Amino acid sequence: MTEASGTRLPIHSSTINVTFLGTASAMPSSTRNHSALAVRLGSDVWLFDCGEATQHQVQKSNVKMGKIEKVFITHTHGDHIFGLIPLLAGCLNGAGGNADGMEDPRRNINMDEPPFEIYGPLGTRAYVRSALKYTHTMLSRPYVVHELRFPSDPQTGDYTNLWRPRSESPAGRNIFQVDGVWLDVYKDNVLSVAAAPIYHSVPCIGYTITEASVPGKIDPQKYLPDIKRTKTPLNVMSRLQAGESVQLSDGTVLHGPKPRNGRKLVILGDTYNPSPIIPIAQDADLLVHEATNAHLPGIMPSTKDGDTYEGVQQTAMERGHSTPQMAGAFAKRIGAASLILNHFSARYPGDDDIDPESKVIMDAIGNLAATEFGKPVVCARDLMSVDIGFRLTESSQMDTT
Ligand SMILES: [Zn+2]
Ligand SMILES: [Zn+2]
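Counting along the sequence shown from 1, when you hit position 343 you're at 336 in the working numbering, and nothing is skipped either side.
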């Protein structure tokens, strides 16, 4: 395994934006599409999961298809991956083909171009490869699949006997766990992605995105009297801004502000217990946690007389899922600044911004999580967009639109 690396421009002067493209669990509804969310980091977009019709959701959102450069898959259940091949074809000019004997520029793909990156558990590479082969899909740019291998998985090989298509880069890594987590799944000078297994009915992964520490906020007034008195050129301010200490001509030493922690996002897949990710998830600015099932007596007409919270929780867990209270408790456990719930059962409506009855239901779900978390909790809607700024004091600055 070699560590991925690269350089990118700092993003601390911009918000990190999360757009929920799909917030349904197994069955989509008229108001919720299958799982996918987009994280905008500067000018790049990374997707987390890619359920059926994600490409359509991207078209309806502010996310630009051409900016998507990476997709992280949490697990290979269809509601999280069925949209990957259409998205790949859409991003990499994969539609149709030419009759035999006709020249198709995609036959001469430039493998020196940076590949479209896909990360996921064992089977992701085989799934993409077989889908491309049997749908006769050619791509105009290379892609690569990096697999996060569990200790019980084969540690080498591609997990398929199919040949690599010409568009698949041979640089796909098999990434192994170290001390129960996958560190440096991706890393450059500004962003790093780590991951950990989370408990679900099949192998499932939770991801963390961490921004490198950023320069502290500078208060020029604090330094100006000394700078003026010693007739020091004003451009010394940029060294102070970078956190340096500077000695002036009269011996006075000015200390630049201490760097601030960068932002951290924790994005979980389906789970009834994400505790293995705790070591790398502490103090997240945002936790995205599923809440598939809730007990809402008096609010949901489908609640039966004998239903109890304990019964709902047990059923949810048996299916590999969580209740809002479980999500709230986990957010508190990792000291998250904010929590957004997603992956709702089809019975929970996604039009709570326009339908008062839907709002009552979704507010109630948010409140159940808030009782455990101790802070307000947002229930995601399809195409909801959230900006993650730096923590001001106690909680992260979060603007929801
Ligand atoms: Zn799911
Ligand atoms: Zn699942």
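Note that beta-carbon positions come from the ideal geometry of N, C-alpha and C, so glycine has one too.
Just so it is clear, the structure is predicted and the values come from calculations on it, not from any experiment.
Residue i Cβ short of 7 Å to ligand 2 heavy atom set
i	result
GLY359	no
HIS68	yes
ASP345	no
ASP263	yes
HIS193	yes
Through-space distance from residue j to residue i, alpha-carbon basis
i	j	result
GLN234	ASP37	26 Å
VAL32	VAL51	12 Å
TYR179	SER185	5 Å
HIS314	ASP346	25 Å
SER145	ARG134	33 Å
GLU110	ASN101	20 Å
ASN55	GLY299	44 Å
ARG232	ARG222	18 Å
GLY165	MET104	13 Å
ILE61	VAL195	27 Å
GLY236	ASP181	21 Å
GLN214	MET230	11 Å
MET(-6)	ILE168	In this prediction, MET(-6) scores a pLDDT of 35, lower than 50, which makes its location untrustworthy; the coordinate-derived value is nonetheless stated afterwards. The alpha-carbon atoms of MET(-6) and ILE168 are separated by roughly 6 Å.
LEU40	GLY209	29 Å
LEU258	GLY94	49 Å
GLY90	LYS57	25 Å
PHE366	PRO317	10 Å
SER378	ILE9	10 Å
PHE65	GLY262	10 Å
LEU85	ASP212	46 Å
ALA309	HIS336	12 Å
SER162	CYS43	21 Å
VAL11	GLY382	11 Å
Proximity to residue i [Cα-Cα], best of the options
i	options	result
ALA287	LEU279, ASP278, LYS297, LEU280	LYS297
SER338	PRO294, GLU283, ALA329	GLU283
ARG159	ARG326, ALA363, PRO98, GLU311	PRO98
TYR136	LEU80, PRO272, ARG384	LEU80
ARG340	VAL195, ASN10, THR24, LEU14	THR24
VAL171	PHE75, PRO272, ALA362	PRO272
THR203	LEU217, ASP177, PRO252	ASP177
ASP243	LEU361, PRO218, ALA88	PRO218
MET20	SER6, THR130, GLY71, MET355	GLY71
ILE74	PHE383, GLY343, PRO108, LEU30	LEU30
HIS129	ARG118, THR149, ALA88	ALA88
LEU280	THR308, PHE323, GLN306, THR245	PHE323
Backbone secondary structure at residue i - three-state DSSP
i	result
PRO208	coil
ILE191	strand
CYS372	strand
ASN103	coil
LYS53	helix
ASP345	coil
VAL11	strand
ARG253	strand
TYR136	strand
PRO317	helix
THR201	strand
ARG384	strand
ARG232	helix
TYR112	strand
VAL32	strand
Beta-carbon proximity check, residue i vs residue j, cutoff 8 Å
i	j	result
ALA189	PRO269	yes
ALA17	ILE78	no
TYR200	THR264	no
ILE198	THR67	yes
ASP375	PHE13	yes
HIS27	GLY76	yes
HIS5	VAL207	yes
LEU247	VAL239	yes
GLY343	LEU332	no
ASP276	GLY359	no
GLN69	THR117	One detail in the question is off: residue 69 reads as Thr in this sequence, not Gln. Cβ distance < 8 Å, so THR69 and THR117 count as in contact.
Residue i: CB within 7 Å of a non-hydrogen atom of ligand 1
i	result
HIS336	yes
LEU315	Here the sequence assigns Ser to residue 315, which means Leu is not the residue at that position. False, no ligand heavy atom lies under 7 Å from that Cβ.
ALA29	no
HIS282	no
ALA19	yes
ASP298	no
ASP181	no
ASP219	no
HIS73	yes
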